[in-house]
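Position 389 (the sequence shown) corresponds to 388 in numbering that gives the first Met the number 0; numbering is contiguous.
Written out below as structure tokens is the structure these notes cover.
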Amino acid sequence: MKDARDHDLGMDRQITRRDFLNGVAVSLGGLAASTYLTGCVRHGVPGSVAASNDPPAVSGMRGDAAGSFEPAHELRDGTFWQHAGSATSTDDTYDLIVVGAGISGLAAAHFFRKQAGPGARILILDNHDDFGGHAQRKEFRVGKRMLLSYGAQSIESPSLFSPESKGLLADLGIDVQKFYRYYDQKLYPSMKLGSGMFFDRETFGEDRLVAGFGAIPHHEFFAKAPLSEKARRDIVRLYTEKVDYLPGLTREHKQAVLEKTSYADFLTKIAKCSPEVVPVFQTRSHDLFGVGIDAVSAAGLYEEGDDYGYGYPGLDMMLGGSGSRGAHKPDPYIFHFPDGNASVARLLVRSFIPDAIPGRTMEDVVTAQADYTRLDRPESTVRIRLNSTVVGVHHDGDPASAREVEVFYTRERRVFRVRGRLCVLACYNSMVPYLCPELPTKQKEALAYGVRAPLIYSHVAIRNWTAFHKLGVFQIAAPGSYHVYAAIDFPVSMGDYQCPSRPEEPMVVFMVRTPCQPGLSQREQHRIGHVELYDVTFETLERNIRDQLARMLGPGGFDPAQDIEGITIGRWAHGYAYSPNPLFDPDFAENELPNVVGRKPFGHIAIANSDAGAIAYMDTAINEAYRAVTELSHYRDS
Ligand SMILES: Cc1cc2nc3c(=O)[nH]c(=O)nc-3n(C[C@H](O)[C@H](O)[C@H](O)COP(=O)(O)OP(=O)(O)OC[C@H]3O[C@@H](n4cnc5c(N)ncnc54)[C@H](O)[C@@H]3O)c2cc1C
Numbered sequence: 000m001k002d003a004r005d006h007d008l009g010m011d012r013q014i015t016r017r018d019f020l021n022g023v024a025v026s027l028g029g030l031a032a033s034t035y036l037t038g039c040v041r042h043g044v045p046g047s048v049a050a051s052n053d054p055p056a057v058s059g060m061r062g063d064a065a066g067s068f069e070p071a072h073e074l075r076d077g078t079f080w081q082h083a084g085s086a087t088s089t090d091d092t093y094d095l096i097v098v099g100a101g102i103s104g105l106a107a108a109h110f111f112r113k114q115a116g117p118g119a120r121i122l123i124l125d126n127h128d129d130f131g132g133h134a135q136r137k138e139f140r141v142g143k144r145m146l147l148s149y150g151a152q153s154i155e156s157p158s159l160f161s162p163e164s165k166g167l168l169a170d171l172g173i174d175v176q177k178f179y180r181y182y183d184q185k186l187y188p189s190m191k192l193g194s195g196m197f198f199d200r201e202t203f204g205e206d207r208l209v210a211g212f213g214a215i216p217h218h219e220f221f222a223k224a225p226l227s228e229k230a231r232r233d234i235v236r237l238y239t240e241k242v243d244y245l246p247g248l249t250r251e252h253k254q255a256v257l258e259k260t261s262y263a264d265f266l267t268k269i270a271k272c273s274p275e276v277v278p279v280f281q282t283r284s285h286d287l288f289g290v291g292i293d294a295v296s297a298a299g300l301y302e303e304g305d306d307y308g309y310g311y312p313g314l315d316m317m318l319g320g321s322g323s324r325g326a327h328k329p330d331p332y333i334f335h336f337p338d339g340n341a342s343v344a345r346l347l348v349r350s351f352i353p354d355a356i357p358g359r360t361m362e363d364v365v366t367a368q369a370d371y372t373r374l375d376r377p378e379s380t381v382r383i384r385l386n387s388t389v390v391g392v393h394h395d396g397d398p399a400s401a402r403e404v405e406v407f408y409t410r411e412r413r414v415f416r417v418r419g420r421l422c423v424l425a426c427y428n429s430m431v432p433y434l435c436p437e438l439p440t441k442q443k444e445a446l447a448y449g450v451r452a453p454l455i456y457s458h459v460a461i462r463n464w465t466a467f468h469k470l471g472v473f474q475i476a477a478p479g480s481y482h483v484y485a486a487i488d489f490p491v492s493m494g495d496y497q498c499p500s501r502p503e504e505p506m507v508v509f510m511v512r513t514p515c516q517p518g519l520s521q522r523e524q525h526r527i528g529h530v531e532l533y534d535v536t537f538e539t540l541e542r543n544i545r546d547q548l549a550r551m552l553g554p555g556g557f558d559p560a561q562d563i564e565g566i567t568i569g570r571w572a573h574g575y576a577y578s579p580n581p582l583f584d585p586d587f588a589e590n591e592l593p594n595v596v597g598r599k600p601f602g603h604i605a606i607a608n609s610d611a612g613a614i615a616y617m618d619t620a621i622n623e624a625y626r627a628v629t630e631l632s633h634y635r636d637s
């Protein structure tokens, strides 16, 4: 659907994404188009990945891009095996087969090698054309400059990591203390760039960017916002007054009340704010929870906190002093590689296959060029096979007495069978019942319980960031807009990578959207969001990005037709792992939690992934990998 303003927005301009049709490449300057249409060049041998593959450099629709999810959906719908040919057996037998090359799957291989020795033969299968799962690297080229961006953003609160997660980082040579030097915490403040809020005309009656959140007094900030006097007064009151809105209750009782109260209800019913206040905060929780404040408990928001510093006012006097992860985070939010947690994934891959990602340090991995042709070679003890969706995992007989596991995967519409002594399923846990139909019914139901949050991480390469500079913002919360948050990149320089530090330089803007439908339970909202994500076209996303950036930054001179150099969309239909929500889910006993019931080992098969810990953080993915590998040690040693 063309829009009358398309020309002004620059929809007809040549940028890197121009070669994509709803996420599928039709021409890729320098790369063979057929490589990406099929996922890899056809060598007729499973595992030989195309010579010129450089997935991080591909722009357009990434993440759950076309080609990565169709076999899994056919398996879910019961149609896959109807038209699948018979499986071709490979000759290989592995000590361990890992399903999923996200952080959890790679960590499982790491722990297995530590326990079984570096000679252990491991095959890691993943449906995407890149490894890392959510921790996917993205590269832009603007002129001569390479700019990096990310999927999973940062190492969050590393001082709270378990010994196993800390140990894995140490094994990879990651010293988180170095980020205090690499992350220039003074750069944006020294340029007087702070936090802004964009009020859009559809929600608030007019388009207006207000800069200075947190830097100027709240009453001055909100006086500039297109809100009624009553709404302004209420918001300022929330941020400034020190009131216990639940007087007379013990702290435990307040916690219990606020666990069962959404933050939206807290605002209007407990803090007695006008309903006009709600839209200002409605989407603030999107980036961490995948739903708005109608579906997140007030206590949960306080505990998880807000990485971007806008906060959830009003809760301190009731929940303060809990020492929980969010409101009292022990670490600043600075543990960020320029490609996010993709560097952790790349360091893991380097430790398995050193010549695939040359170098030795956490610094040089940032700019190291990965050679994807080396990921899956017969001479390696660890092989990573991409573009390969696992469609079945079975014991060769009764799980109690079986010797091996057979793993079926599909690639280029062919089915292959590979054998392993052990298997770790580090994929989405809700996929496991389709892979292992012989699991006990109760376990399958538990695995299917969690619904991952859908998310879109859009990254936009721009020619310069003078508009941000003129407007005095490095980040913008946009509560009513298509993308609810936008920011220029984290100022991190390490190794040979220098972050842009002058407004005249090219920059990457990060924008986040979480499709959901307020008023429903969290799981229902996520399901509706999945449908939107798979339906949305690249064109729709691009038009919204251009329109929103023009409206937010136009007063600073931003011209979307001139200033946008490239767009990459991280579409994650199955994003954050699901944590039970006290507003909607039963109060499960610890041993009845769906993730606990679901992750039980089954013969030679163990279950990892952040889903198994029901928490969407990297350390959970690592911890669950460690548990899964440890659960299999009995079989490994027998
Ligand atoms: C957009 C986004 C941003 C995030 N930011 C952060 C952050 O800043 N910090 C943080 O700590 N966490 C972040 N997370 C959470 C992130 O999920 C975890 O940190 C961690 O990366 C999860 O790793 P995982 O291996 O458990 O899962 P995943 O990353 O989902 O990896 C699982 C892999 O298995 C593959 N797979 C699934 N089914 C199959 C199959 N049948 N066959 C083959 N392969 C299959 C998947 O496609 C995927 O590649 C973010 C998540 C998202 C979506």
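Using N, Cα and C, we set each Cβ at its ideal position, and we do this for glycine too.
> Of all the options 66, 110, 122, which has the alpha carbon lying nearest to the alpha carbon of residue 376?
Replying inline: Ranked by Cα distance from residue 376, the options 66, 110, 122 are led by 122.
>> Rounded to whole angstroms, what is the Cα-Cα separation between residue 93 and residue 338?
In response: Answer to the nearest angstrom: the Cα atoms are 31 Å apart.
> Do you know offhand how far residue 388's Cα is from residue 348's?
Replying inline: Between residue 388 and residue 348, the alpha-carbon positions lie close to 19 Å from each other.
> Shortest alpha-carbon distance to residue 595 belongs to which of 583, 585, 610?
Replying inline: Comparing Cα positions, the closest option is 610.
> Looking at C-alpha atoms only, which residue of 534, 551, 457 is the closest neighbour of residue 469?
Replying inline: Of all alpha-carbon atoms in 534, 551, 457, the one lying nearest the alpha-carbon of residue 469 is that of 551.
> Between the stretch 407–420 and the stretch 362–375, do three or more beta carbon pairs fall short of 8 Å?
Replying inline: Contact between the stretch 407–420 and the stretch 362–375 is absent, with fewer than three C-beta pairs closer than 8 Å.
> So what does DSSP say about residue 322, is it helix, strand or coil?
Replying inline: Interpretation of residue 322 is limited by its pLDDT of 44, a score under 50 that renders its predicted location unreliable; no figure is taken from the coordinates.
>> Quick check: the Cα distance between residue 85 and residue 434, rounded to an integer number of angstroms?
In response: For residue 85 and residue 434, the distance between alpha carbons rounds to 17 Å.
> Is there a Cβ from chain C that is less than 9 Å from the Cβ of residue 465?
Replying inline: Any reference to chain C falls outside this structure, which holds one protein chain only.
>> Based on DSSP bridge pairs, tell me the residues matched to residue 459.
In response: Answer is 508, 566, bridged to residue 459.
>> Tell me which residues share the same chain as residue 285 and place their Cβ nearer than 6 Å to its Cβ, disregarding the 5 neighbours each side in the sequence.
In response: For residue 285, where only same-chain residues beyond five positions count, the Cβ hits under 6 Å are 483, 513.
>> Going by DSSP in three states, residue 601 sits in which element: helix, strand or coil?
In response: Strand.
> Just checking my contact of residue 186 with residue 195 at CB under 8 Å: how many whole Å lie between their CB atoms?
Replying inline: Between residue 195 and residue 186 the Cβ distance is about 17 Å, and since that is not below 8 Å, they are no contact.
>> Please report the distance separating the alpha-carbon of residue 261 from that of residue 283.
In response: The alpha-carbon atoms of residue 261 and residue 283 are separated by roughly 13 Å.
> Below 9 Å between beta carbons: does that hold for residue 635 and residue 280?
Replying inline: With a cutoff of 9 Å on beta-carbon distance, residue 635 and residue 280 are scored as not near each other.
> Using DSSP with H/G/I as helix, E/B as strand and the rest coil, what is residue 252?
Replying inline: Note: residue 252 maps to helix in three-state DSSP.
> Closest by CA to residue 511, which one among 335, 522, 459?
Replying inline: Distances from the alpha-carbon of residue 511 to those of 335, 522, 459 put 459 closest.
>> Taking 8 Å as the cut-off, does the stretch 123–132 touch the stretch 93–106 (at least 3 CB pairs, one atom from each stretch)?
In response: Yes: at least three Cβ pairs fall under 8 Å.
> Can you tell me whether DSSP reads residue 500 as helix, strand or coil?
Replying inline: Assigned with DSSP and collapsed to three states, residue 500 falls in coil, not helix or strand.
> What residue range is occupied by the uninterrupted beta strand (DSSP E) comprising residue 333?
Replying inline: If you look at residue 333, you'll find it isn't in any beta strand (DSSP E); DSSP assigns it neither H nor E.
>> Going by DSSP in three states, residue 260 sits in which element: helix, strand or coil?
In response: In the structure shown, residue 260 sits in coil (DSSP, three-state: anything other than H, G, I, E or B).
>> Suppose you measure from the CA of residue 619 to the CA of residue 273; what does that come to, to the nearest Å?
In response: If you take the alpha carbons of residue 619 and residue 273, they lie about 39 Å apart.
> Closest by CA to residue 554, which one among 271, 197, 331?
Replying inline: Measuring C-alpha to C-alpha distances from residue 554 to each of 271, 197, 331 identifies 197 as the nearest.
>> Which residue marks the beginning of the beta strand (DSSP E) containing residue 121, and which one marks its end?
In response: In the DSSP annotation of this structure, the continuous segment of the beta strand (DSSP E) that includes residue 121 starts and ends at 121–124.
>> Taking only three categories from DSSP, how would you classify residue 9?
In response: Coil at residue 9, not helix or strand.
> Of the residues 438, 467, 427, which one's Cα is nearest the Cα of residue 449?
Replying inline: Comparing alpha carbon positions, the residue from 438, 467, 427 closest to residue 449 is 427.
> Shortest alpha-carbon distance to residue 74 belongs to which of 391, 241, 177?
Replying inline: Cα-wise, what sits closest to residue 74 is 391.
> Using DSSP with H/G/I as helix, E/B as strand and the rest coil, what is residue 356?
Replying inline: Here residue 356 sits in coil by DSSP.
> According to DSSP, what are the bridge partners of residue 96?
Replying inline: According to DSSP, which records beta bridges pairwise, residue 96 is partnered with 122, 422.
>> DSSP three-state label for residue 296, please.
In response: Reduced to three states, the DSSP call for residue 296 is strand.
> Does the pairing of the stretch 351–364 with the stretch 492–502 give three or more beta-carbon distances under 8 Å?
Replying inline: Contact between the stretch 351–364 and the stretch 492–502 is present, because at least three Cβ pairs lie under 8 Å.
> Among residues of its own chain, excluding the 5 on either side of residue 29, which ones have a beta-carbon nearer than 6 Å to its beta-carbon?
Replying inline: Bear in mind that the predicted position of residue 29 carries a pLDDT of just 31, short of 50, making it too unreliable to give a figure here.
> Near residue 54, what residues of its chain come up, given a Cβ to Cβ distance below 6 Å and the 5 sequence neighbours on each side ignored?
Replying inline: Only 128, 129 meet the Cβ criterion.
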